[in-house]
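J.:
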Amino acid sequence: AEAYVSPEDGGLYLINADIPIYNAANRFNHEPKRKRKLLVSKRELAKLSQSVERAGRTIVPLKLYFNERGMAKILIGLATGRKSHDKRDVEAKRDWQRQKARILKEG
18 AEAYVSPEDG GLYLINADIP IYNAANRFNH EPKRKRKLLV SKRELAKLSQ SVERAGRTIV
78 PLKLYFNERG MAKILIGLAT GRKSHDKRDV EAKRDWQRQK ARILKEG
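When the sequence shown is numbered by my numbering, its final residue is 124 and no position is left out of the sequence of numbers.
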């Protein structure tokens, strides 16, 4: 839930994604939360970087899957953050749902 993609050093990097240690690899293992470079075309990199810098968006990983050849692929998306008033609305709705559940449970 806390993973994101960031344009750095002329490439896209997957940051804070937890990929668990493979037990059978013993001493040849990797760090579970290290930065991982993503392979993208120059055009796609420029488009995504521009969107992050100008519009203040965030690139987030949506789905991790393996293709027919066994290669790991990641589906990424552009996300726009919530405004503070939107956050308050969501929090108020969440609190009401909790209260409603509590009332139904007691009654």
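Every residue, glycine too, gets a C-beta built ideally from N, C-alpha and C.
Where does Ser58 fall in DSSP's three states?
T.: coil
J.: Can you tell which of Glu19, Leu29 and Asn46 has the C-alpha that lies nearest to the C-alpha of Val57?
T.: Leu29
J.: Measuring straight from C-alpha to C-alpha, what distance separates Gln114 and Val107?
T.: 11 Å
J.: Mapping DSSP to helix, strand and coil, what is Lys90?
T.: strand
J.: Judging by CA-CA distance, which residue of Ala96, His47 and Tyr82 is the nearest neighbour of Ser23?
T.: Ala96
J.: For Asn33, which of Asp26, Tyr21, Tyr39 and Asn43 has the nearest alpha-carbon?
T.: Tyr21
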